[in-house]
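Here is the structure we will look at, set down as structure tokens.
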Amino acid sequence: MRRIAFVFELKKANLNFGTFELYKKAIKIGRDHIASMINTLVLVYAGASMPLLLLFVNNPQPFEQIINVELIADEVIRTLLGSIGLILAVPLTTFLASIVADSN
Numbered sequence: 021m022r023r024i025a026f027v028f029e030l031k032k033a034n035l036n037f038g039t040f041e042l043y044k045k046a047i048k049i050g051r052d053h054i055a056s057m058i059n060t061l062v063l064v065y066a067g068a069s070m071p072l073l074l075l076f077v078n079n080p081q082p083f084e085q086i087i088n089v090e091l092i093a094d095e096v097i098r099t100l101l102g103s104i105g106l107i108l109a110v111p112l113t114t115f116l117a118s119i120v121a122d123s124n
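124 is the number that the numbering used here gives the last residue of the sequence shown; the numbers go up by one with no jumps.
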């Protein structure tokens, strides 16, 4: 929701901004949000799988075997898909907010 608020505040600051100018300015702010959300997502997944990671520390196996264990592969895929979803959601919502703010 903050990304959308930034778009409307940018429009209030300069009424001459068009849709694409608003998008370019707001996406600079959105990049910081993407980075912080992905870092948080990775840390949450790492924290949730900490007992599993401790299990592997006590029973060392080659990396190829660990990454092919279904539990580990699931967590890696969830992290990647969540990150991709966040990366795609921010530019899309910023662009839609730019269109709405420019039409007001």
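Just so you know, even glycine gets a beta-carbon here, dropped at the ideal spot from N, CA and C.
Contact set for residue i: own chain, Cβ-Cβ below 7 angstroms, skip 5 residues either direction
i	result
PHE76	ILE86
TYR65	GLU95, ARG98 and THR99
ILE92	ILE86
For residue j and residue i, believed in contact at Cβ under 8 angstroms, the rounded distance
i	j	result
ILE54	VAL110	5 angstroms
GLU95	SER69	5 angstroms
PHE37	LYS31	6 angstroms
LEU61	GLY102	5 angstroms
Which of helix, strand or coil DSSP assigns to residue i
i	result
LEU42	helix
ASN96	What sits at residue 96 in the sequence shown is Val, not Asn. The answer is helix: DSSP assigns VAL96 an H, G or I state.
SER123	helix
SER69	coil
GLN81	coil
ASN59	helix
LEU101	helix
PHE37	coil
VAL89	coil
Cut-off 6 angstroms between Cβ atoms - residues of its own chain near residue i, not counting five sequence neighbours on either side
i	result
ILE49	PHE26
Q: Count the C-beta pairs between the stretch 51-67 and the stretch 103-118 that are closer than 8 angstroms, then say yes if the count reaches three, no if not.
A: yes
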